Amino acid sequence: MNGAKSPGVYFRAEAREILDAFSGELLALARGDGASDAIQKLFRLAHTLKGAAQVVQSRDIADLAHSLEDVLGLHRTSGAALSSRQIDELLRVVDAIDLQVKQLEQASQAAATNGSAGTVSADQVDSVRIDIQELDVVTGAVFEARVQTAALRSSAAELGSVSELARQLERTLTEQASLGAARTRTLAAALRHELASAERRLENRVEALSREIERVRGQTDRLRMVPAGSIFSSLERAAREAANATDRSVEFAAHGGDVRLDRHVLPAVRDAMTHAVRNAVDHGIEHEQERSTLGKARAGRIAISVTRRGSRVAFTCEDDGRGIDLDAVRESAVARGLLSRQDAATFDLEAATRLIFAPGFSTVSSVTELSGRGVGLDVVESTARRLNGSVSLSTRPGSGTLLELLVPVSLSSLTALSVRVGHESLLFPLDSVTSTLAVRERDIVRSPEGELVQERDRLVPFVPLSRLLRKNGTARRADAIWSTIVVSGRDRVLALGADSLGGSHQVVVRPLPAVAGTPRFVLGAALDIDGTPQLVLDAKGIIDASATLLQRAAELAPNPVQRRPILVVDDSLTTRMLEQSILHSAGYDVDVACSAEEALEKAAAREYGLFIVDVEMPKMNGFEFTALTRADAVLGKIPVILVTSLSSDAEKRRGTEAGAAAYIVKGEFDQGHFLRRVEELSR
Amino acid sequence: MRDDPSSVKVDALRRAFDAAFTQERTTRFERVERLVAVRVARDGFALRINEIAALHAMGNVTALPDTPSGLLGLVGVRGQIAAAWDLATLLGYGDVGETRRWLVLSAPQRDLALALGHVEGYLRVEISQLHEVAAADSADGQLQQAFDHGGTLRRILSVPAILANVHRIIARAAGAP
């Protein structure tokens, strides 16, 4: 329905290819391993670029390509090699052409967005040596075929119903048993038989079709991956420029270029590794004279390596320079107020490697072209975070530094756990899920800070997913059971309540279109077998906002009954502190007493809602305290929970006879059970 | 001698053929706007063929949290995810109470899907029949031209302008100035 692609589309794709090839040839010449006919190749590339630019009337690019031709033409004639300075100059011209091409792309995109006079620019092509839109058409067709295959399965199932009707018809006719029906019975039997055969054939064909489509889909997904080696040229350029700027010598090596990863991941990695390379040259590699003095090779070594590790790819940048200067980092941290003089005394290498990733941190006092702004390694760290990866750094003083950036192979493919909330199916990256629980509504602890559930030996804040997504509180049945997932991130934990859990499976996460806005907590969406989008939720985003959510949950939750304080009575300091801590974290106001006598004094001065009492205490024991308070008109209304190490049936009976509402054995202490009993009795 | 009837006919055809080369060369294609006619509530509209990528039956919509008015949610179309916006809301209608049966995908990105109730057919309208719509009636620039169709005014929607409006709504919802 929209128009044919303009020549500009193809020119930009061709220009990129030519510039990549041109840079590659120049860098090979710079390393000394260029081909014998490199000058000729470069001349041809420049000439081709000039011609293409002239066709699309891009005068600036044509002029720049012409200048390349001028320089190369002289060398082609004379046979003289290009000097290092000349190579640098040519690379600068390549950069200038690259900038022009980028401006053409931006102009094209702007035209497509604004749309003048009702026309629509068709220059929205994203090319990775193949036309991605063409690939997307294929991918779309494959996906649609999958959806239709799923529909075919339903049709096959319907055949089963028809077969059943034929069986019933045959049975009915058999029961009539008249001569006239004999022929009809035969026909019915034949119908049933044919339908059964058709059903089997259809099922087999659908299975075969599904397999083929999955194979094609996997192949088209793979075509979207690009080799990591496509960024090596750019990194080598960065190393060379950094070395020139800082008057150092550097040898660059790269391995693992065949490793493929998602084209959405690679540009971010390239930018991060560019910063890492510059940082390695500027801060790591020594000057030639210093290196000679140290017995090192004159040229410093920068080695880039790419290796696949399961569903992740590791990019490493290793240098053989001086390593991290601990003293410099310490002094800079103190000067910038990031470290006190007192803490500086214990500041070690591990702390230093963590600090240098902080935004704004630098050991350089003045800003240069390369460093000083404290940007470099912060970019690496933020890239890792953004890609759900990780970064680490190890250093050997005097020997060098190794930086490793670990990223997923594909932003898009991950293992997710599905949960159902009403009629919606939602997905959580499995990496972010700590555990799953079945939580009864009545087991949820309500506190002024929000709701809490027990997970193992801790209380975890709880929020129903329905409230999170729709900002409304749905009616909650007292006998409801929440299928709960516990997610973690940023050193915090949160329990999210759903209606049921599905399984875990591999999903392809797609970014949301810009016209969908930027909804909170949504990483992207995946398409289910019917082609319906399922939201993939961001656990870290949910946790970040959890303070607000919990407050809202507390506001929407049934108003908690104003609780009266609890009095813990135990002669053991440890037990008093432990019980007080558990109750505090559940939101209770708690007083303590170290004896039954002290407890009676406190009970006379303050109105409590519950007594939690040890049994074995000097002078008055817990049984006696319970019996005494039951006999009091006022204190008798306050329930008593006995918490004791005495576990025999006789002692438990004694507790009951004394009037205790609950008896908890310390040796079998369960925090959740304890809090539930407290909750029930303190209402 | 009387002319042979067939010769007369051949001569007439030859003259007509030659005359065709003397006429002003025009391309009918260039003088015609190709449109898809749609209806919102009781009002007729049209969309330019070259501004839309596809027309699909409405599918399942996945709601998003915190959405501005008009954004219905996400839809999946041939393996791609698009944001479904209610055309009636974008044009300033209230709740028109009609079932949204169709999705129109914008070109070239295919990420905006306009949900509407009725698609009425395909139209070819001479460009000379189009007239500009007054700014006050343009629904924030989303309606730029109109034409008379069978005695009824039908306005042409500008998909790029609708897309720009959607971006403005999103920016406002995000609190951008």
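Residue numbers (our numbering), protein chains in the order written: chain R, 1 to 683; chain X, 684 to 860. Note that the Cβ used here is the ideal one computed from N, Cα and C, for glycine as well. Computed from a predicted structure; not experimentally measured.
#1: What do you reckon, are the CB atoms on G524 (chain R) and P511 (chain R) nearer than 7 Å?
#2: Please report the straight-line C-alpha distance between V678 (chain R) and R564 (chain R), rounded to a whole angstrom.
#3: In this structure, does DSSP put G256 (chain R) in helix, strand or coil?
#4: Suppose contacts are defined by Cβ-Cβ distances below 7 Å. Is R807 (chain X) in contact with A736 (chain X) by that definition?
#5: Whose Cβ in chain R lies nearer than 7 Å to the Cβ of I810 (chain X)?
#6: Could you check what DSSP says for I18 (chain R) in three-state terms: helix, strand or coil?
#7: Helix or strand or just coil, what does DSSP make of S447 (chain R)?
#8: What three-state label does DSSP hand G609 (chain R) in the structure shown?
#9: Considering only the alpha carbon of each residue, which of R:V493, R:L169, R:L355, R:D271 lies closest to A392 (chain R)?
#10: Among all the DSSP beta bridges, which residues are the ones paired with D262 (chain R)?
#11: Between the beta-carbon of V590 (chain R) and the beta-carbon of Q580 (chain R), is there less than 7 Å?
#12: Going by DSSP, what residue range makes up the alpha helix (DSSP H) through A328 (chain R)?
#13: What are the residues in the region 518 to 548 of chain R lying within 8 Å of chain X by C-beta distance?
#14: For I543 (chain R), is the classification buried or exposed, using 16 other Cβ atoms within 10 angstroms of its Cβ as the cut-off for buried?
#15: Residues of chain X with CB closer than 7 Å to the CB of E429 (chain R), please, in chain order.
#16: Using CA coordinates, which residue listed in R:F43, R:I566, R:F428 is at the minimum distance from L691 (chain R)?
#17: Let me make sure I understand the geometry here. Which of R:I97, R:H264, R:L600 has the alpha-carbon closest to that of S413 (chain R)?
#18: Closer than 8 Å is the cut-off here; do at least three beta carbon pairs connect the region 392 to 402 of chain R with the region 307 to 325 of chain R?
#19: Does any C-beta atom of chain R lie closer than 7 Å to the C-beta of D701 (chain X)?
#20: Considering just the uninterrupted stretch of the alpha helix (DSSP H) at I61 (chain R), what are its terminal residues?
#21: Looking at the C-beta of T772 (chain X), does it have a partner C-beta in chain R at a distance below 7 Å?
#22: Locate the alpha helix (DSSP H) running through A354 (chain R), then write down its first and last residues.
#23: Apart from the five residues on each side of it in sequence, which residues of its chain come closer than 7 Å, Cβ to Cβ, to V816 (chain X)?
#24: What did DSSP end up calling H47 (chain R) once you bin it into helix, strand or coil?
#25: With 16 as the cutoff for other CB atoms within 10 Å, does V634 (chain R) come out buried or exposed?
#26: Name the DSSP bridge partner or partners of P751 (chain X)?
#27: Determine the extent of the alpha helix (DSSP H) in which L583 (chain R) is found, giving its start and end residues.
#28: Here's a check: name, in chain order, each residue in its chain whose Cβ is nearer than 8 Å to the Cβ of E144 (chain R), leaving out the five neighbours to either side.
#29: Report, in whole angstroms, the separation of the C-beta atoms of I764 (chain X) and L757 (chain X), which I expect to be a contact under 8 Å.
#30: Of all the options R:S249, R:S488, R:G229, which has the alpha carbon lying nearest to the alpha carbon of S305 (chain R)?
#31: Give me the chain X residues within the contact set of G497 (chain R), using Cβ-Cβ distance strictly less than 9 Å, ordered along the chain.
#32: Just the chain R side, please: which residues come within less than 7 Å of D778 (chain X) by C-beta, in chain order?
#33: Hey, how far is the Cα of L209 (chain R) from the Cα of R153 (chain R)?
#34: How should S365 (chain R) be labelled, buried or exposed, when 16 other C-beta atoms within 10 angstroms of its C-beta is the threshold for buried?
In brief:
#1: Looking up residue 524 (chain R) in the first sequence gives position 524. Looking up residue 511 (chain R) in the first sequence gives position 511. Yes, Cβ-Cβ distance for G524 (chain R) and P511 (chain R) is below 7 Å.
#2: The residue labelled residue 678 (chain R) in the question sits at position 678 within the first sequence. The residue labelled residue 564 (chain R) in the question sits at position 564 within the first sequence. Straight-line Cα distance between these residues: approximately 12 Å.
#3: Sequence index remark: in the first sequence, residue 256 (chain R) carries index 256 (1-based). G256 (chain R): coil per DSSP, three-state reduction.
#4: As a first step, residue 807 (chain X) is located in the second sequence; it is residue number 124 there, counting from the start. As a first step, residue 736 (chain X) is located in the second sequence; it is residue number 53 there, counting from the start. In this structure, A736 (chain X) does not lie closer than 7 Å to R807 (chain X) by Cβ.
#5: Locating residue 810 (chain X) in the second sequence gives position 127, where the first residue counts as 1. Chain R residues near I810 (chain X): none, gap ~11 Å exceeds 7 Å.
#6: Start at 1 with the first residue of the first sequence, and residue 18 (chain R) comes out as number 18. Reduced to three states, the DSSP call for I18 (chain R) is helix.
#7: Position 447 of the first sequence, counted from the start, is the residue given in the question as residue 447 (chain R). In the structure shown, S447 (chain R) sits in a strand (DSSP, three-state: E or B).
#8: Within the first sequence, the letter at position 609 stands for residue 609 (chain R). If DSSP states are grouped into helix, strand and coil, G609 (chain R) belongs with coil.
#9: As a working note, residue 392 (chain R) is residue 392 in the first sequence. Strictly speaking, residue 392 (chain R) in this sequence is Ser, with Ala absent from that position. Answer by Cα proximity: R:L355.
#10: As a position in the first sequence, residue 262 (chain R) is number 262, starting the count at 1. D262 (chain R) pairs with R:M225.
#11: Counted from its first residue, the first sequence places residue 590 (chain R) at position 590. Counted from its first residue, the first sequence places residue 580 (chain R) at position 580. Closer than 7 Å, so yes.
#12: Within the first sequence, residue 328 (chain R) is the residue found at index 328, counting from 1. Here the alpha helix (DSSP H) through A328 (chain R) covers 326 to 335.
#13: T518, P519, R520, F521, V522, A525, L527, D530, G531, T532, P533, Q534, L535
#14: If you number the first sequence from 1, residue 543 (chain R) lands on position 543. Buried is the call here.
#15: Taking the first residue of the first sequence as position 1, residue 429 (chain R) is located at position 429. Inspection of the sequence shows that residue 429 (chain R) is occupied by Pro rather than by Glu. Going along chain X, no residue has its Cβ under 7 Å from P429 (chain R), so there is no contact; the nearest lies around 18 Å.
#16: Coverage of chain R is limited to positions 1 through 683, which leaves residue 691 (chain R) absent and any answer about it impossible.
#17: For the purposes of this step, residue 413 (chain R) is taken as residue 413 along the first sequence, with counting starting at 1. Among R:I97, R:H264, R:L600, the Cα nearest to that of S413 (chain R) is on R:H264.
#18: yes
#19: Here the question's residue 701 (chain X) lines up with position 18 in the second sequence. By this cut-off, D701 (chain X) is not an interface position.
#20: The residue you call residue 61 (chain R) lines up with position 61 of the first sequence. Start and end: 59 to 78.
#21: As a position in the second sequence, residue 772 (chain X) is number 89, starting the count at 1. No, its Cβ sits nowhere closer than 7 Å to a Cβ of chain R.
#22: For this step, residue 354 (chain R) is matched to residue 354 along the first sequence. Ala is not the amino acid found at residue 354 (chain R); the sequence shown has Arg there. Its alpha helix (DSSP H) spans residues 349 to 355.
#23: Indexing the second sequence from 1 puts residue 816 (chain X) at position 133. Counting only Cβ-Cβ distances below 7 Å, and skipping sequence neighbours, we find L826, Q827, Q828, A829, R838.
#24: Counted from its first residue, the first sequence places residue 47 (chain R) at position 47. Residue state, collapsed to three classes: helix.
#25: Translated into the one-based positions of the first sequence, residue 634 (chain R) becomes position 634. When all chains shown are included, V634 (chain R) counts as exposed.
#26: Working through the second sequence from its first residue, we reach residue 751 (chain X) at position 68. Answer is none; P751 (chain X) lacks a bridge partner.
#27: Position 583 of the first sequence, counting from 1, holds the residue named residue 583 (chain R). That run of the alpha helix (DSSP H) goes 573 to 585.
#28: In the first sequence, counting from the first residue as 1, residue 144 (chain R) sits at position 144. Excluding positions up to five away in sequence, the list reads G531.
#29: Residue numbering aside, residue 764 (chain X) sits at position 81 when the second sequence is read from its first letter. Residue numbering aside, residue 757 (chain X) sits at position 74 when the second sequence is read from its first letter. About 6 Å separates the two Cβ atoms, so the contact holds.
#30: Reading the first sequence from its first residue, position 305 is the one you call residue 305 (chain R). Checked all of R:S249, R:S488, R:G229; the closest Cα to S305 (chain R) is R:G229.
#31: What you label residue 497 (chain R) is simply residue 497 of the first sequence in a count that begins at 1. Within 9 Å Cβ-Cβ: nothing; G497 (chain R) doesn't reach chain X, min ~16 Å.
#32: Here the question's residue 778 (chain X) lines up with position 95 in the second sequence. Those within 7 Å of D778 (chain X) in chain R number zero; the least Cβ separation is about 20 Å.
#33: Position 209 of the first sequence, counted from the start, is the residue given in the question as residue 209 (chain R). Position 153 of the first sequence, counted from the start, is the residue given in the question as residue 153 (chain R). The alpha-carbon atoms of L209 (chain R) and R153 (chain R) are separated by roughly 11 Å.
#34: On the first sequence, position 365 is the one that residue 365 (chain R) refers to. Caution is warranted here: a pLDDT of 49 is assigned to S365 (chain R), below 50, making its placement in the model unreliable, and no coordinate value can be reported.
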